[in-house]
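K.L.:
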Amino acid sequence: DGGITQSPKYLFRKEGQNVTLSCEQNLNHDAMYWYRQDPGQGLRLIYYSQIVNDFQKGDIAEGYSVSREKKESFPLTVTSAQKNPTAFYLCASSIAVLSGNTIYFGEGSWLTVV
Amino acid sequence: QQQVKQSPQSLIVQKGGISIINCAYENTAFDYFPWYQQFPGKGPALLIAIRPDVSEKKEGRFTISFNKSAKQFSLHIMDSQPGDSATYFCAATTGNTPLVFGKGTRLSVIA
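Those sequence lines, one after another, are chains A and B. According to the numbering used here, the first sequence is numbered sequentially starting from 1. According to the numbering used here, the second sequence is numbered sequentially starting from 1001.
1) From B/T1097 to A/L98, what does the alpha carbon distance come to, in whole angstroms?
2) For a cutoff of 8 Å on Cβ pairs, would you count B/F1130 as touching chain A?
3) Can you say whether A/P85 is buried or exposed, counting buried as having 16 or more other CB atoms within 10 angstroms of its CB?
4) Quick one: using the 10 Å Cβ neighbour count with 16 as the cut-off for buried, is A/G100 buried or exposed?
5) Is B/P1044 close to chain A? Criterion is C-beta to C-beta, closer than 8 Å.
6) Chain A beta carbons: is any one of them nearer than 8 Å to that of B/Q1037?
7) Please determine, among B/A1092, B/A1091 and B/I1077, the residue with the shortest C-alpha to C-alpha distance to B/S1085.
8) Mind reading off the beta-carbon distance from A/Y47 to A/V66? Whole number of angstroms is fine, and I expect it under 8 Å.
9) Among the residues of its own chain, which have a CB less than 8 Å from the CB of B/K1071, if the five just before and after it don't count?
10) In the DSSP assignment, find the unbroken beta strand (DSSP E) run with A/R44 in it and report its ends.
11) Does the beta-carbon of B/T1105 have 16 or more other beta-carbons within 10 angstroms, so that it is buried, or is it exposed?
12) Compare the Cα-Cα distances from B/I1050 to each of B/I1018, B/F1073, B/K1042 and B/Q1037 and report the closest residue.
13) Can you find the residues in the same chain that come closer than 7 Å, C-beta to C-beta, to A/S80, ignoring five residues on each side of it along the sequence?
14) Residues in its own chain within less than 7 Å of B/D1031 by CB, not counting five upstream and five downstream?
15) Can you name the residues of chain A whose CB is closer than 7 Å to the CB of B/K1103?
16) Look up B/D1084 in the DSSP assignment and say whether it is helix, strand or coil.
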């Protein structure tokens, strides 16, 4: 099936540890995104990538890092510098970062800091 | 600065009633306005979208009304059903910039 696969679905992290969330898509999309969702805060953009080996910071990039070595993959690392990392993380993709293009979302990853 | 303001934060509607969610934007360069629907524990999915060159777009029970001069757009759900209970996000974008989302509206349709 075509789509976006995020893993793991649930993840627990101890304070001070880095953690990496996986995102894979088989839609042949050039653009990929990471959003963070908190109750009452909507979807806030962390990073996005328009093409392999290129990515841009979103509104809340501090404490996060990404890589885009392959077209299909856009992993997100939540570093220990992120002060409040507990949230629902959504990966998405689209044909391009262009007005009018539909963004497709994965099913999300829940990260809890314990 | 929030670029898309969405209201209300939550909404309870009787089955068969009309659900109305409103959004306002500030950037007059925005030229694409989608609405996304999200069920609990799932990722959002595109519901319906509109361009500013039309004032209304209807797909089944879902209608977007767009007021360019007021910089506002709204989602109307006619004959609301319990299965419509979800969180709805409005969004906007222009050119080659990522979507900017509103904060969401949690809709509950009760029988």
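Glycine included, each C-beta is placed from N, C-alpha and C at the ideal position.
P.N.:
In brief:
1) 7 Å
2) No answer is possible for residue 1130 of chain B: it lies beyond the span of chain B, which begins at 1001 and ends at 1111.
3) buried
4) Under this definition A/G100 is an exposed residue.
5) Yes, contact with chain A.
6) no
7) B/I1077
8) 5 Å
9) A1024, Y1025, E1026 and T1028
10) G42 to I51
11) buried
12) When B/I1018, B/F1073, B/K1042 and B/Q1037 are compared, the shortest CA-CA separation from B/I1050 is found for B/F1073.
13) G16, Q17 and N18
14) R1051, P1052 and T1094
15) G40, Q41 and G42
16) helix
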